[in-house]
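Trainee: Please read through the structure below; I'll follow up with questions.
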Amino acid sequence: MYLDIYSGSATSASSPSMLSFTIRSFISKSKSKSKSNLPSRRYSLSHLIPLCSTSSPSSISPDLPTMSTSHNGSNQITPQPQPQPQPFQVAKRLEKFKTTIFTQMSLLAAQYGAINLGQGFPNFDGPEFVKEAAIEAIRDGKNQYARGYGIPDLNITIADRFRKDTGLEVDPEKEIIVTTGCTEAIAATMLGLINHGDEVIVFSPCYDSYLATLSMAGAKVKGVTLRPPEFSVPIEELKSVISKNTRAVLINTPHNPTGKVFTREELNAIASICIDNDVLVFSDEVYDKLVYDVDHISIASLPGMFERTVTMNSLGKTFSLTGWKIGWAIAPPHLSWGIKQAHSFLTFATATPLQWASVAALRAPDSYFVELKRDYMAKRAILVEGLKDVGFEVFSPSGTYFVVVDHTPFGHEDDIAFCEYLIKEVGVVAIPTSVFYLNPEEGKNLVRFAFCKDEATLRAAIERMKDKLNRK
Numbered sequence: 001m002y003l004d005i006y007s008g009s010a011t012s013a014s015s016p017s018m019l020s021f022t023i024r025s026f027i028s029k030s031k032s033k034s035k036s037n038l039p040s041r042r043y044s045l046s047h048l049i050p051l052c053s054t055s056s057p058s059s060i061s062p063d064l065p066t067m068s069t070s071h072n073g074s075n076q077i078t079p080q081p082q083p084q085p086q087p088f089q090v091a092k093r094l095e096k097f098k099t100t101i102f103t104q105m106s107l108l109a110a111q112y113g114a115i116n117l118g119q120g121f122p123n124f125d126g127p128e129f130v131k132e133a134a135i136e137a138i139r140d141g142k143n144q145y146a147r148g149y150g151i152p153d154l155n156i157t158i159a160d161r162f163r164k165d166t167g168l169e170v171d172p173e174k175e176i177i178v179t180t181g182c183t184e185a186i187a188a189t190m191l192g193l194i195n196h197g198d199e200v201i202v203f204s205p206c207y208d209s210y211l212a213t214l215s216m217a218g219a220k221v222k223g224v225t226l227r228p229p230e231f232s233v234p235i236e237e238l239k240s241v242i243s244k245n246t247r248a249v250l251i252n253t254p255h256n257p258t259g260k261v262f263t264r265e266e267l268n269a270i271a272s273i274c275i276d277n278d279v280l281v282f283s284d285e286v287y288d289k290l291v292y293d294v295d296h297i298s299i300a301s302l303p304g305m306f307e308r309t310v311t312m313n314s315l316g317k318t319f320s321l322t323g324w325k326i327g328w329a330i331a332p333p334h335l336s337w338g339i340k341q342a343h344s345f346l347t348f349a350t351a352t353p354l355q356w357a358s359v360a361a362l363r364a365p366d367s368y369f370v371e372l373k374r375d376y377m378a379k380r381a382i383l384v385e386g387l388k389d390v391g392f393e394v395f396s397p398s399g400t401y402f403v404v405v406d407h408t409p410f411g412h413e414d415d416i417a418f419c420e421y422l423i424k425e426v427g428v429v430a431i432p433t434s435v436f437y438l439n440p441e442e443g444k445n446l447v448r449f450a451f452c453k454d455e456a457t458l459r460a461a462i463e464r465m466k467d468k469l470n471r472k
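Residues 1 to 472 (the working numbering) are what the sequence shown spells out, left to right.
In structure tokens:
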């Protein structure tokens with residue numbers, strides 16, 4: 001039995017083997033060989049929080065001796081040999097990804113009692129009417145396997161919402177696949193439509209799941225970097241990396257971690273390149289309702305693009321229900337078939353009562369989305385203005401609930417060193433952005449804060465930084 005570091009509750013484990021990792025494990029081998037004044041620090045869950053083992057009695061406490069009987073009948077204590085820890089085993093396609101930065105920062109945050117503005121989940125709950133719909137579905141006995149690609153009511157509701165947002169009519173039966181969160185929609189899309197050796201272009205920095213799922217699909221990744229202060233799409237650079245082997249361009253708008261919203265001009269240019277080169281587009285739009293200064297545009301709605309686009313979205317960000325893991329992919333039948341096949345062998349089906357609750361959520365009145373936007377604009381203002389007052393160079397986001405800042409005024413070696421200092425000495429968590437870049441060097445000056453927290457938490461974090469963070 002082990003203590004869950006996120007909830008503080010006890011959870012069982014199949015093995016008490018040690019989970020350890022290094023704070024710098026995300027940086028590439030070439031990066032890790034560079035000189036640094038920041039020592040690698042190792043953390044061990046087995047040292048920090050072992051509770052008990054679910055295995056045999058002799059393994060509950062391997063340090064304790066056991067009683068044995070000698071030949072003359074007397075009892076004597078015989079020390080038992082210490083079991084040697086087994087090396088972690090992972091397939092080569094995943095071994096470079098290591099433990100996620102979010103796990104590392106959560107451990108540090110818990111250890112030092114820091115305010116967590118790192119991970120992108122709210123510290124407040126989703127709307128009551130959606131939770132009540134889930135409870136009602138459970139009580140009504142809607143608890144068995146759902147249809148693999150979504151209960152009919154949810155598919156219809158997703159189609160209705162997509163039509164309202166984009167003007168596009170889609171077939172709920174043939175063009176929508178309900179998945180276990182958008183992360184599974186991403187994985188099913190990659191595994192269902194990408195062949196080994198296909199090239200996929202991503203915009204760096206990017207959500208870390210993209211690279212892992214592309215690796216599992218056997219894709220060759222090519223990167224195009226979005227650079228501050230505007231994080232504009234470098235169209236000529238995109239053109240230069242397209243080849244006869246390019247299968248798809250993966251976009252994320254609004255963009256994590258930068259908060260950029262792709263403009264209509266940028267999307268038109270991307271669309272033109274993809275049409276000219278017969279390339280697909282995979283579009284992650286989970287933050288589509290969190291836009292502030294501009295309009296969100298789905299690239300599938302542009303002329304000639306629906307037939308070559310997979311649009312992926314989810315419930316969690318819009319309704320503050322990230323733990324429900326309800327997502328979906330929308331694509332024309334010739335693409336949705338491959339996604340549906342992959343989904344069938346990943347999770348098969350998504351939680352039935354939560355699908356019924358999602359119907360209620362997506363049928364929310366427009367006033368819900370207006371209020372959501374207003375609330376997040378207020379939170380954004382608190383964090384952006386506060387970070388400016390602290391002394392950061394702030395790149396104010398047009399979408400998402402993330403803010404990227406330049407930490408270099410405070411004199412630390414890189415983003416990881418700064419984030420570790422921020423947790424230990426200041427008591428605030430941020431995420432180093434180098435872990436989101438294909439080339440970590442490009443992100444070493446930037447860190448990401450999240451404002452999906454209540455206003456009191458945001459203000460408390462700002463006050464800690466004002467009190468304890470000094471420019472150098």
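Quick reminder that beta carbons are idealized off the backbone N, C-alpha and C, glycines included. All values derive from a computational prediction rather than experimental measurement.
1) Name the DSSP bridge partner or partners of Ser204?
2) Closest by CA to Phe129, which one among Asn143, Phe319, Pro303?
3) Could you please give the first and the last residue of the uninterrupted beta strand (DSSP E) stretch that includes Met312?
4) Tell me Pro432's beta-bridge partners as DSSP assigns them.
5) Considering Asn155, what are the terminal residues of the alpha helix (DSSP H) in which it resides?
6) Quick check: what's the CA-CA separation for Phe348 versus Thr213?
7) Return helix, strand or coil for Ile462, following the three-state DSSP convention.
8) For Phe402 and Pro257, which I take to be in contact (beta-carbon distance under 8 angstroms), what is that distance rounded to the nearest angstrom?
9) Asp366: buried (16+ other C-beta within 10 angstroms of its C-beta) or exposed?
10) Quick check on the DSSP output: what are the complete alpha helix (DSSP H) runs of length 4 or more inside the segment 393-421, in order along the chain?
11) How long is the line joining the alpha carbons of Gly118 and Arg264, rounded to whole angstroms?
12) In angstroms, rounded to a whole number, what distance separates the CA positions of Met377 and Tyr292?
13) Is there contact here, the segment 339-355 with the segment 175-186, by at least three beta-carbon pairs under 8 angstroms?
14) Would you call Pro303 buried or exposed, if buried means 16 or more other Cβ atoms sit within 10 Å of its Cβ?
15) DSSP has Asn256 in a bridge; who is on the other side?
16) Using CA coordinates, which residue listed in Gly399, Val384, Met312 is at the minimum distance from Glu184?
17) With a threshold of 8 angstroms on Cβ separation, who are the neighbours of Val224 within its own chain once the five nearest residues in sequence on each side are excluded?
18) Going by beta carbon distance, what residues of the same chain come within less than 6 angstroms of Ile462, once the five residues before and after it are set aside?
19) Any beta-carbon of chain D closer than 9 angstroms to the one on Asn116?
20) Given a cut-off of 9 angstroms, decide if Ile330 and Thr350 are closer than it, judged by their beta-carbon atoms.
21) Can you tell me the Cα-Cα spacing of Asn123 and Lys453, whole angstroms?
22) Could you give the distance in angstroms between the alpha-carbon of Thr189 and the alpha-carbon of Leu250?
23) For the putative contact between Lys220 and Ser336, defined by C-beta atoms under 8 angstroms, what is the C-beta separation to the nearest angstrom?
24) In angstroms with no decimal places, state the Cα-to-Cα distance between Ile186 and Tyr437.
25) Does the count of Cβ pairs from the segment 78-98 and the segment 278-288 closer than 8 angstroms reach three?
26) Report the three-state DSSP secondary structure of Glu455 (helix, strand or coil).
27) Quick check on Val178: does DSSP put it in helix, strand or coil?
28) Buried or exposed, going by whether 16 or more other CB atoms sit within 10 Å of the CB of Pro353?
29) Using the C-alpha atoms, what's the distance from Leu446 back to Arg227?
30) I think Ser398 touches Gly259, with their Cβ atoms under 8 angstroms apart; what is that distance to the nearest whole Å?
31) Report the three-state DSSP secondary structure of Ile481 (helix, strand or coil).
32) Report the residue from Met216, Glu285, Gly197, Glu266 whose alpha carbon sits nearest the alpha carbon of Thr246.
33) Would DSSP call Ala248 helix, strand or coil?
34) If you compare alpha carbons, which of Trp324, Ile273, Asn268, Thr322 is closest to Ser301?
35) Using alpha carbons as the reference points, say which of Val90, Tyr112, Glu95 lies closest to Ile423.
Mentor: Taking the geometry as given:
1) Thr225
2) Of the candidates Asn143, Phe319, Pro303, the one whose C-alpha sits nearest the C-alpha of Phe129 is Phe319.
3) 309-314
4) Val447
5) Per DSSP, Asn155 belongs to the alpha helix (DSSP H) from 152-166.
6) 18 angstroms
7) Ile462 carries a helical assignment under DSSP once its states are collapsed to helix, strand and coil.
8) 5 angstroms
9) exposed
10) 415-421
11) 30 angstroms
12) 7 angstroms
13) yes
14) Classified as exposed, Pro303 has fewer than 16 neighbouring CB atoms from the shown chains inside 10 Å of its CB.
15) Partner(s): none; Asn256 has no beta bridge.
16) Met312
17) Ile201, Val202, Phe203, Ser204, Val233, Pro234, Glu237, Leu238, Val241
18) The residues are Gly386.
19) Note that chain D does not occur in the displayed structure, where there is just one protein chain.
20) no
21) Going from the Cα of Asn123 to the Cα of Lys453 covers about 5 angstroms.
22) Cα to Cα, Thr189 sits roughly 11 angstroms from Leu250.
23) Not a contact, Cβ separation roughly 24 angstroms.
24) 18 angstroms
25) no
26) helix
27) strand
28) Result: buried.
29) 11 angstroms
30) 6 angstroms
31) Residue 481 lies beyond the stretch modelled for the chain, which goes from 1 to 472, so this question has no answer here.
32) Gly197
33) DSSP places Ala248 in the strand class (E or B) of the three-state scheme.
34) Asn268
35) Tyr112
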